[in-house]
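Enquirer:
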Amino acid sequence: KFEREGQLGSQETSYATSKAFDKQRKLQRTRAVDADSGAQPTKWQRRFLVLTRLYRRKSDIPQYVATETMNRMHDRMRVVFIVVGVSVFFTIFFFGEFSTYQRILRAREAGVGVKKM
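Following the numbering used here, the numbering of the sequence shown begins with 154 at its first residue and continues without gaps.
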């Protein structure tokens with residue numbers, strides 16, 4: 154339940170206002186965690202937390218990070234891997250197409266042609 158303040162005082166509602174939602178989200182992300190409620194990130198996870206912009210520097214990362222933060226890091230890394238994979242695929246594909254095109258041009262200039270198929 155979310156609290157809403159208005160003319161009638163504090164009321165509980167079944168919906169969230171944007172102000173209440175932002176406040177709750179900020180509290181979830183900044184709450185203190187310990188070994189029971191959080192995860193201790195590895196060296197690579199610390200790098201990924203910075204890469205996905207969840208923290209500015211490695212030195213900003215606490216010893217234990219909230220599970221929700223680690224889940225967000227995994228979701229963002231999934232997007233990063235997809236983008237990198239697609240970029241690498243198209244780079245290799247277009248390099249192969251270009252090299253085939255160059256080979257065809259060289260063969261055409263040398264007078265090599267296809268006689269039968």
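Note that CB positions come from ideal geometry on N, CA and C, so glycine has one too. It should be emphasised that the depicted structure is a prediction, and the values quoted were computed from it without experimental measurement.
Are there 16 or more other CB atoms within 10 angstroms of the CB of Gly264, so buried, or fewer, so exposed?
Expert: Stepping through the sequence shown from its first residue, residue 264 is reached at position 111. By the neighbour-count rule (16 or more Cβ atoms within 10 Å), Gly264 is not buried but exposed.
Enquirer: Helix, strand or coil for Val186 per DSSP?
Expert: Taking the first residue of the sequence shown as 1, we reach residue 186 at position 33. Three-state DSSP puts Val186 in coil, outside helix and strand.
Enquirer: Quick check on Thr222: buried or exposed, where buried means 16 or more other Cβ atoms within 10 Å of its Cβ?
Expert: Within the sequence shown, residue 222 is the residue found at index 69, counting from 1. By the 10 Å Cβ count, Thr222 comes out buried.
Enquirer: Would you mind working out which of Gln198, Asn224 and Arg225 sits nearest Ile214, comparing C-alpha positions?
Expert: For the purposes of this step, residue 214 is identified with residue 61 of the sequence shown, where counting begins at 1. Among Gln198, Asn224 and Arg225, the Cα nearest to that of Ile214 belongs to Gln198.
Enquirer: Exposed or buried, which one is Val218 when buried takes at least 16 other CB atoms within 10 Å?
Expert: Reading the sequence shown from its first residue, position 65 is the one you call residue 218. With 16 or more other Cβ atoms within 10 Å, it is buried.
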